[in-house]
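Residue numbers (our numbering), protein chains in the order written: chain A, 120 to 555; chain B, 120 to 555.
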């Protein structure tokens, strides 16, 4: 029989145990944090009517989406983000939701885009949103959650910068230049600052606005650089005037101070987020030791999420953690480590017929919270130590002979130290393994 | 602007917070259990080359699979189970795996089948397998994990029956009737016993084997009914003779007894599993209070998982929990409960400008392991109590006036009892909320 070459599609990946253990641990951390704020999970189908997902349609998105006709002749597509399905969800279940609705959604999305380094066609998003609240407290909660989650995942406050801005402020500045009608283009061009650099943005802007205005815009988006939040805000007010937006930014700063969380936050007029639907706060998160990878958590406030599916307006604020990018960053920083077994200890297999007794002993450890693997095939002791070492299991239990106590009195091997302790019972062994 | 009607595809579902909370808790329980046995997670792409997924192809599977041509002109499909991707994965990464390889995989799969009650086109499978071990200890570990996981999810031993059989034993019995060449059909027909009942199976068998043989098969698959494992095995040995298979079944029974886990397990010659690839042990799990819903966890031993993609044989044993069916069952049994918030307590919002202080207090509770939501919009106290009640949050904290201690001394409201305790600090409140 000829065999089929085993391979995955370009832009798709297998996750081997070390990567997948790390990934699931990250998700667990994020989810625990989300729930600690009272946020609840939802889920939506991977596959939806193309009309639902592409409603506003056109442009880049439409080209990238996996779209096809199903068995029933329906025009369907794989979701390309979690925002559009959330909008559909919120419109469909509106009457069953309690507002403000604080939800999170951790799931895969698919985009058939060009595969560059670190870009995949299947990736995981972790979205969290507060729907149905316009107040500054909601903006602040999302910012605080960004900070909490990222701190839980990647260490200390000095590693993290959350840059924020307000769309209203930027638009008011554009008004003063008479460029409001070109704001969508300008926002998208400024958004490329991280990728193309200042001169790249200048070129783009010049085409849209001419040389003089582009110079003013570049000057504006550099305001506050290196300054603290308060001073940056003063400069922006001087340049663009005051309004609802500057008052909102002031309010947020007061909350940050009251919550003892003002570190990490920087006011940055160059943060625009390319996406059309943001109307207020916009924000991005950078790892200070790896600024080049771009934002690992971004978001903002939107006025009307559900307008495509419902005449009832529903505004909100939310953000999304890019799990794949973040995992790649943490790997690069060396803060992810994990082996090929989830176990803390293994029970050696000396005689095949002892398998039931070995599992009974193992269950005792598991009940004490110690993950315990049972080796299945009889092998020489040294072979079993090698197996434990390969799998990254730090301890091995070697049952005694029948005379020496069998599974009641056994030897505990410390794999790294290559040391044995003999004649232990389960309780003593558990204590040694957990107090190392 | 006209709006698009928000709706999901037939056979697909949204999970609202109460259902999704319960679902994620189930997955967390299962995953904790898997890891306690040292099993590690993997993940594979949702989308693969159709050739990879449908290799053996033909029949029902091919008709049900979501298959299409992607942007690059590739013939691709959504995975319809986790076994085929695991086979491809094992062949592709063979040199990087440590055998025996104990992995789990919890993920969605898609099948465009007819939607009957409780059947969905998108559903979650939880697969766990030991690849690369032929020994009885591996079979036993899978059986033990089925028992442990299901007990963790749905209560007591008396609620659970795991029925097992051996393909070799059944095939030897068919040999004795001269029907070995029809075994694939017969296995599939017997597998319908739960669905169509005894007379339904008789009709199917008569067409394949004639009246006399079908009578004998029906007699055989009733052997051991109501008997304990040992007696059932004696009856099967008398009917089909002894062999490797009966010795394996004996061995498994000894391990069960040694591990103190013989309850739940029943030897049942009518368990065949319809699928072609099983060659040894086969097993199914039933909830005694809801036998009609069918098996919630099934599996077995296979000889050569990777044969389609590799000339190196790789046998193993594994099982899969049908999470959607199990969740439906637990809902029916009333053992799932959860509300619309993940929080144990909420901080009332009396003044919008106190949002930073409220979050600071909330963080203190969260650090103590108490999930704490912050209400975002200023409302009357009674309105906030109603909101907490609707969301299923048992406690509400009402900050004092500035004179009365603000966020340092506050009132704790017990929503169910409609009782207030005044003048508490965070530590006292935390103690009250966690020792209820």
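Don't be surprised by glycine CBs; every beta carbon is placed ideally from N, CA and C.
Alpha-carbon to alpha-carbon, residue j and residue i
i                      : j                      : result
residue 182 of chain B : residue 393 of chain A : 42 Å
residue 531 of chain A : residue 372 of chain B : 29 Å
residue 472 of chain B : residue 374 of chain A : 8 Å
residue 518 of chain B : residue 466 of chain B : 8 Å
residue 494 of chain A : residue 396 of chain B : 25 Å
residue 90 of chain A  : residue 196 of chain A : Here chain A has residues from 120 to 555 only, and residue 90 of chain A is not among them.
residue 185 of chain B : residue 388 of chain A : 46 Å
residue 323 of chain A : residue 308 of chain A : 6 Å
residue 281 of chain B : residue 344 of chain B : 14 Å
residue 258 of chain A : residue 436 of chain A : 6 Å
residue 504 of chain B : residue 483 of chain A : 45 Å
residue 216 of chain B : residue 153 of chain A : 34 Å
residue 124 of chain A : residue 430 of chain B : 11 Å
residue 560 of chain B : residue 433 of chain A : Residue numbering for chain B in the displayed model covers 120 to 555; residue 560 of chain B lies beyond these limits and cannot be assessed.
residue 474 of chain A : residue 510 of chain A : 20 Å
residue 299 of chain A : residue 349 of chain A : 26 Å
residue 312 of chain B : residue 520 of chain A : 47 Å
residue 447 of chain B : residue 319 of chain A : 56 Å
residue 334 of chain A : residue 328 of chain A : 10 Å
residue 169 of chain A : residue 200 of chain A : 13 Å
residue 470 of chain B : residue 156 of chain B : 51 Å
residue 240 of chain B : residue 529 of chain B : 51 Å
residue 487 of chain A : residue 551 of chain A : 13 Å
residue 295 of chain B : residue 351 of chain B : 19 Å
residue 137 of chain B : residue 506 of chain A : 43 Å
residue 336 of chain B : residue 444 of chain B : 30 Å
Rounded distance between the beta-carbons of residue j and residue i, thought under 8 Å
i                      : j                      : result
residue 591 of chain B : residue 386 of chain B : No statement about residue 591 of chain B is possible, as the shown extent of chain B runs from 120 to 555 and does not include it.
residue 512 of chain B : residue 534 of chain B : 7 Å
residue 441 of chain A : residue 416 of chain A : 7 Å
residue 377 of chain B : residue 476 of chain A : 5 Å
residue 390 of chain B : residue 284 of chain B : 4 Å
residue 70 of chain A  : residue 202 of chain A : Any property of residue 70 of chain A remains undetermined from this structure, which presents chain A solely from 120 to 555.
residue 193 of chain B : residue 172 of chain B : Not confirmed; about 12 Å, so no contact.
residue 492 of chain B : residue 462 of chain B : 4 Å
residue 219 of chain A : residue 139 of chain B : 18 Å between Cβ atoms; not a contact.
residue 226 of chain A : residue 162 of chain A : 7 Å
residue 404 of chain B : residue 421 of chain B : No, residue 404 of chain B and residue 421 of chain B are not in contact; Cβ-Cβ is about 18 Å, not under 8 Å.
residue 228 of chain B : residue 205 of chain B : Wrong, their Cβ atoms sit about 12 Å apart, outside the cutoff.
residue 268 of chain A : residue 149 of chain A : 5 Å
residue 255 of chain B : residue 363 of chain B : Rounded, the Cβ-Cβ distance is 10 Å, inconsistent with contact.
residue 514 of chain B : residue 464 of chain B : 4 Å
Residues bridged to residue i (per DSSP)
i                      : result
residue 524 of chain B : Residue 524 of chain B is not bridged to any residue.
residue 224 of chain B : B:246
residue 162 of chain B : A:134
residue 283 of chain B : B:386 and B:402
residue 110 of chain A : Given a span of 120 to 555 for chain A in the structure shown, any question on residue 110 of chain A remains unanswerable.
residue 517 of chain A : A:530
residue 397 of chain B : B:421
residue 466 of chain B : B:493 and B:516
residue 168 of chain B : B:195
residue 188 of chain B : B:194
residue 232 of chain B : According to DSSP, residue 232 of chain B bridges with nothing at all.
residue 540 of chain B : B:531
residue 241 of chain A : A:229
Checklist entry - Are the segment 198-210 of chain B and the segment 420-431 of chain B touching by the rule of at least three beta carbon pairs closer than 8 Å? => result As far as the Cβ criterion goes, the segment 198-210 of chain B touches the segment 420-431 of chain B, which means the pair count is three or higher.
Next on the checklist: With a threshold of 8 Å, are at least 3 pairs of Cβ atoms found where one atom belongs to the segment 263-276 of chain A and the other to the segment 336-351 of chain A?
Outcome noted: The segment 263-276 of chain A vs the segment 336-351 of chain A: no contact.
Checklist entry - When the Cβ atoms of the segment 259-271 of chain A are set against those of the segment 291-310 of chain A, are three or more pairs found closer than 8 Å? => result Contact between the segment 259-271 of chain A and the segment 291-310 of chain A is absent, because fewer than three Cβ pairs lie under 8 Å.
Item to check | Cβ contact check for the segment 127-140 of chain B and the segment 541-552 of chain A: 3 or more pairs under 8 Å | outcome: Note that the segment 127-140 of chain B does not touch the segment 541-552 of chain A; fewer than 3 beta-carbon pairs, one per stretch, sit closer than 8 Å.
Checklist entry - Where in the segment 313-348 of chain B do unbroken runs of the alpha helix (DSSP H), each at least 4 residues long, occur, reported from the N-terminal end onward? => result Runs found: 330-339.
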